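First the structure, in the form of structure tokens, and then the observations on it.
Residue numbers (my numbering), protein chains in the order written: chain C, 10 to 283; chain F, -13 to 228; chain D, 2 to 237.
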């Protein structure tokens, strides 16, 4: 009796397993690897359903850091990428992993920190100088520390100073190695400063007593690019459908959808495809 | 109940069993034949249990031989034997479930199993307990179930290792009458006990063990009337305790 | 404290509203974890029993490994499965990455050692009790395995619950191999992680409370059924 049950159960499991496997192979949706900033802001959840309604192509979003997203693209586990690290994106295409890169939208980074502003950076214009002030006063700064677009932007700011924040890692400079939301949670918990994209900040619900203390400096400009994973390298890519998404994002419809996305009345992303 | 190819007589030659550095059985030599109820008698620690387990194949001898007639493989030979232990091993099922389990292991065709199980239960006087969880039965009932289980295997040889040691007199008598039933059906009985009264009641032959040695192998009447060795004499007078 | 209060309120609201998205996430959590546990038992019961019963060279090592792997870090398992199932990996052609099937595989790997190691101990103990009788019957290996596993069914039910607990609670493996994709691979634990990263702490905690309630219900059901059956069969 036991043997019979075992036989039936095994058969049932193998059958559903096989069903599962074959389903993936046929008419599945396209996979978009993007960053935690676009996911957490809610942008993708707002505009992608419009694309699906128009084209009938479902989009599955895997949200990881930019570095991880590019890696997923390299491995061929996604069809299309939406990230914000220009030099890495260009390298991706040059190395043959990406078919091409297109501009999509931009937003900006801001420095947020505790209302009482121990490093006294409020109102400053120069982000790099503000970071220097933090180092000088030993005020806690939480870094993404995860190879993401935000992290690389932060490192570019440090590069303009004389400071090597790595030497203080674990002290006033804390590398969370996490996504934007988790990093903001950490900063709020520590009463620390951090660099964040405006989109995530505006939809973040655990601000504690943090507020925007510095914005507008040109190096804080944050452009996003959309990349098609190279079908020559990974022939299984759903290239046709993925290209439809690229086209849509850079079309007037898609660009308008991006511009229309607001949180608390604020526009988070600014379309700039040509 | 003897198979077309009988496995008896059983010849035990120069059987030695050691555990670690201790020699527990010394040079046992004896031949056991069909038809006679053989009681292995002796005080505690004499090696009775060991001898049974060696004969049944649950233990391997250190040296010496256990030769069944027809000398087949162990699995062929053991199919003609059954064993009842001092503490009955009850599966976590009902009484009839225990017997059905044995029938299944012995590859008895499915449609015959229930009938044979019920017959065995009836023989053991356990029909009213067929659906009782075996582990909830009394010691005597469990031992009767163990015998019913052995019954359905139609054994040529039935080993019993002090089956009534923990039972009250009434239960003991019931078990003994079941053992008699096996004997009447042609099963060779090889039973270990330290109970003199039980040996007197049941034995045709006595194998008397003491401290791992076989001291006497005689027909029961002679043994009890005229034991040859001083140890046997002391034992039958209730004086030899180990 | 405010957050805790809101969390309970959120949990209550979620359970009462039976919101479609919420039910989808709960349904997927149960489907993934229950499937994983089923597979783990199919492999783990006979594996554990075999290690308990048969002497083979390296048996001690296998036992040691089973015990050790009970504590496999989920995120490590997730990473390994991710690399195996990636299109660039050995099993990439199956196209399983970022699907519930991948999550089931990862959790099955996590749960199997638990089932096998605990089964080994239970069967070992039971063999000590049944060994003489089964050997006296000259029961073959399959019959022996079947008898022991069946008779140990009540203890094994607890083992299954232990495996289920491990599966339903983990986030590291399913996050990596599933990708926490909305309407596709989002389960309760990854949803909690997401809400936390959005700063929606009360919602995250509320989901956590719901997860506990579900785990409690599963355990309670099994316990009730188990006790009733055990009483019937008198597991002494």
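Glycine included, each C-beta is placed from N, C-alpha and C at the ideal position. Bear in mind the structure is a predicted one, so any value in this text is a computation, not a measurement.
Closest Cα partner of residue i within the set the options
i: residue 218 of chain D; options: D/194, D/188, D/184, D/165; result: D/165
i: residue 133 of chain C; options: C/59, C/178, C/224; result: C/224
i: residue 258 of chain C; options: C/49, C/47, C/39, C/57; result: C/57
i: residue 15 of chain D; options: D/224, D/208, D/215; result: D/208
i: residue 285 of chain C; options: C/110, C/170, C/159; result: Residue 285 of chain C lies beyond the range of chain C shown here (10 to 283); nothing can be said about it.
i: residue 118 of chain D; options: D/96, D/157, D/91, D/82; result: D/157
i: residue 156 of chain F; options: F/176, F/124, F/144; result: F/124
i: residue 92 of chain D; options: C/119, C/85, C/181; result: C/85
i: residue 220 of chain F; options: F/18, F/25, F/29; result: F/29
i: residue 132 of chain F; options: D/134, D/106, D/74; result: D/134
i: residue 94 of chain C; options: C/129, C/128, C/74; result: C/74
i: residue 111 of chain D; options: D/67, D/149, D/147; result: D/67
i: residue 26 of chain F; options: F/191, F/171, F/45; result: F/191
i: residue 271 of chain C; options: C/123, C/55, C/41; result: C/55
i: residue 35 of chain D; options: D/99, D/10, D/72, D/170; result: D/170
i: residue 181 of chain C; options: C/206, C/170, C/148; result: C/148
i: residue 41 of chain C; options: C/230, C/235, C/281, C/229; result: C/235
Buried versus exposed call for residue i [16 or more other C-beta atoms within 10 Å across all chains shown]
i: residue 182 of chain D; result: buried
i: residue 189 of chain D; result: buried
i: residue 34 of chain C; result: Legend: pLDDT at residue 34 of chain C = 40, less than 50; position of this residue unreliable, value from coordinates given subsequently. Label assigned to residue 34 of chain C: exposed.
i: residue 55 of chain D; result: exposed
i: residue 229 of chain D; result: exposed
i: residue 134 of chain F; result: buried
i: residue 207 of chain F; result: exposed
i: residue 114 of chain F; result: exposed
i: residue 62 of chain C; result: exposed
i: residue 283 of chain C; result: exposed
i: residue 66 of chain F; result: buried
i: residue 239 of chain D; result: Look at the range of chain D in this structure, 2 to 237, and you will see that residue 239 of chain D is not part of it.
i: residue 183 of chain C; result: buried
i: residue 87 of chain D; result: buried
i: residue 31 of chain C; result: The predicted model places residue 31 of chain C with a pLDDT of 45, which falls under 50 and marks its position as unreliable; any figure quoted below should be read in that light. By the neighbour-count rule (16 or more Cβ atoms within 10 Å), residue 31 of chain C is not buried but exposed.
i: residue 223 of chain F; result: exposed
Range of the contiguous alpha helix (DSSP H) that encloses residue i
i: residue 114 of chain D; result: 101 to 137
i: residue 151 of chain D; result: 142 to 152
i: residue 189 of chain D; result: 189 to 198
i: residue 86 of chain D; result: 75 to 86
i: residue 176 of chain D; result: 173 to 179
i: residue 155 of chain F; result: 155 to 170
i: residue 5 of chain F; result: Taken as a continuous stretch (DSSP letters only), residue 5 of chain F belongs to no alpha helix (DSSP H), being part of the beta strand (DSSP E) at -4 to 5.
i: residue 46 of chain C; result: 45 to 50
i: residue 137 of chain C; result: 136 to 146
i: residue 5 of chain D; result: 3 to 18
Span of the beta strand (DSSP E), counted from its first residue to its last, around residue i
i: residue 72 of chain F; result: Note, residue 72 of chain F: premise wrong, no beta strand (DSSP E); not H, not E.
i: residue 183 of chain C; result: 182 to 184
i: residue 174 of chain F; result: 174 to 179
i: residue 107 of chain C; result: 107 to 123
i: residue 219 of chain C; result: 219 to 223
i: residue 236 of chain C; result: 230 to 238
i: residue 26 of chain F; result: 24 to 27
i: residue 50 of chain F; result: 49 to 53
When the Cβ atoms of the region 68 to 81 of chain D are set against those of the region 167 to 177 of chain D, are three or more pairs found closer than 8 Å? yes
Name, going along the chain, the residues of the region 117 to 136 of chain D whose beta-carbon falls closer than 7 Å to a beta-carbon of chain F. The residues in question are 130, 131, 133, 134, 136.
Measuring CB atoms only, is the region 210 to 221 of chain C touching the region 46 to 65 of chain C, in the sense that at least three cross pairs come out at less than 8 Å? yes
Output, in sequence order along the chain, the residues in the region 199 to 225 of chain C whose CB is closer than 9 Å to any CB in chain D. If the cut-off is 9 Å between Cβ atoms, the region 199 to 225 of chain C has 209, 212, 213, 214, 215, 216 near chain D.
Would you list, in chain order, the members of the region 59 to 89 of chain C that have their beta-carbon closer than 9 Å to a beta-carbon of chain D? 67, 69, 70, 71, 72, 73, 81, 83, 84, 85, 86, 87
Please list, in chain order, the residues of the region 171 to 195 of chain C that have any C-beta partner in chain D closer than 7 Å. 188, 190, 191, 193, 194
Please identify, using Cβ separations under 8 Å, the residues of the region 70 to 89 of chain F that lie next to chain D, in order along the chain. Of all residues in the region 70 to 89 of chain F, 71, 75, 77, 78, 79, 80, 87, 88 have a Cβ within less than 8 Å of some Cβ in chain D.
Between the region 87 to 112 of chain C and chain D, which residues of the former have CB atoms less than 9 Å from a CB of the latter, in chain order? Going along the region 87 to 112 of chain C in chain order, one finds 87 with a Cβ nearer than 9 Å to chain D.
If contact is defined by three or more beta carbon pairs under 8 Å, each pair taking one atom from either stretch, is the region 181 to 193 of chain C in contact with the region 231 to 248 of chain C? No, they do not touch.
Got a sec: which bits of the region 179 to 205 of chain D sit with their beta carbon under 8 Å from any beta carbon on chain F, in order along the chain? none
Residues within the region 31 to 45 of chain F neighbouring chain D, beta-carbon criterion of under 9 Å: 39, 42, 43, 44
At a Cβ cut of 8 Å, what residues of the region 237 to 256 of chain C count as close to chain D, listed as they run along the chain? 243, 245
Taking any Cβ of chain C, which residues in the region 77 to 100 of chain D have a Cβ under 7 Å from it, in chain order? 87, 88, 89, 95, 96, 97, 98, 99, 100
Three or more beta-carbon pairs under 8 Å between the region 60 to 74 of chain F and the region 132 to 150 of chain D, yes or no? Short answer: they touch.
When the Cβ atoms of the region 1 to 15 of chain F are set against those of the region 166 to 185 of chain F, are three or more pairs found closer than 8 Å? no
Along the region 97 to 126 of chain F, what residues have a CB closer than 7 Å to any CB found in chain D? Here the close residues are 119, 121, 122.
At a Cβ cut of 9 Å, what residues of the region 126 to 159 of chain C count as close to chain D, listed as they run along the chain? none
With three or more beta-carbon pairs closer than 8 Å as the criterion, would you say the region 133 to 148 of chain F touches the region 95 to 106 of chain F? yes
For the pair the region 87 to 105 of chain C and the region 245 to 257 of chain C, tell me if three or more CB-CB distances fall below 8 Å. yes
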